[in-house]
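In the UniProt record's numbering, the protein residues as written are 1 to 269.
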């Protein structure tokens with residue numbers, strides 16, 4: 001992670017004279033300890049970050065060592081990137097296998113996401129899946145108990161992009177990309193992609209990459225079907241800054257601190 005200070009925070013220094021709200025003696029946790037627990041740096045390195053003016057609490061630069069904060073309510077940033085400091089928050093990336101429902105339980109007894117995280121739920125974690133993938137689509141699904149982040153990631157106003165790899169029937173011609181970027185009329189209104197790239201063509205099939213921030217049901221399948229290239233296989237590879245990478249279907253991984261910070265940034269938290 002780069003610790004170069006973003007331009008928008010270059011002029012934050014004058015605000016530090018006021019300082020963040022101080023808690024009564026003995027309450028909260030020391031800021032450097034909170035940063036160390038969040039995985040930002042060792043406690044000693046966290047003290048250096050504070051000394052260098054690279055840490056903000058509730059929008060104000062902190063240089064005071066030993067400041068106590070409430071991790072439940074404080075908004076902490078290092079070099080402008082928000083750090084999640086609440087112990088109970090969970091952020092997971094799941095590679096949803098094909099054939100699994102994007103639900104925590106299924107009345108018909110079909111395999112579902114809830115089966116994969118059953119042990120965590122039984123241990124008391126209340127997880128939300130952020131958006132959904134249809135049963136025939138595999139790939140990245142985020143799970144969290146951070147309700148505000150989940151809500152914002154799903155809200156169309158924040159326009160968080162999603163990237164898909166689609167295998168389609170037919171050899172896709174160059175003009176199809178322009179058609180999809182310009183917009184296609186669907187039964188529930190116009191839709192378009194942000195980016196479109198043909199990766200492979202041959203033997204009557206094509207592999208394409210689609211990037212869009214639309215959240216309507218089956219939107220990728222419907223768009224490609226509308227331009228004459230029905231989807232035969234679909235994988236979501238990215239949600240905003242988070243990538244599935246080489247994660248195997250059916251496996252979970254805990255999101256890294258950088259990934260969580262970038263998700264917060266993407267939805268203005």
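Quick reminder that beta carbons are idealized off the backbone N, C-alpha and C, glycines included.
Asked: Option in 107, 203, 125, 210 with minimal Cα separation from residue 193; Found: 210
Asked: The stretch 156 to 168 in contact with the stretch 233 to 242 per 3-pair CB rule at 8 Å; Found: yes
Asked: Own chain residues within Cβ distance below 8 Å of residue 127, not counting five before or after; Found: 90, 92, 104, 117, 120, 121, 143, 144, 145
Asked: Under the three-state DSSP convention, the category residue 202 falls into; Found: strand
Asked: Straight-line Cα distance separating residue 236 from residue 166; Found: 9 Å
Asked: When 198, 130, 220 are compared against residue 175, the one with the closest alpha-carbon; Found: 198
Asked: Nearest to residue 168 (by Cα), restricted to the options 47, 249, 204, 67; Found: 204
Asked: Exposure label - residue 110; buried when at least 16 CB within 10 Å; Found: exposed
Asked: Nearest-angstrom Cα separation, counted from residue 263 out to residue 49; Found: 22 Å
Asked: Cα-Cα separation between residue 71 and residue 28, rounded to whole angstroms; Found: 7 Å
Asked: Buried or exposed by the 16-neighbour rule on C-beta atoms within 10 Å, applied to residue 108; Found: exposed
Asked: For residue 99, the nearest candidate out of 80, 132, 83 (CA to CA); Found: 132
Asked: Stretch-stretch touch, CB-based, cutoff 8 Å, three pairs: the stretch 248 to 264 with the stretch 77 to 84; Found: yes
Asked: For residue 264: DSSP bridge partner residues; Found: Looking at the DSSP assignment, residue 264 forms no beta bridge with any residue, so it has no partner.
Asked: Rounded separation between residue 252 and residue 140 - CA only; Found: 10 Å
Asked: Neighbour-count burial assignment, residue 32, 16 or more Cβ in a 10 Å radius; Found: buried
Asked: Inter-stretch contact (C-beta, 8 Å, three-pair minimum) for the stretch 207 to 225 and the stretch 58 to 68; Found: no
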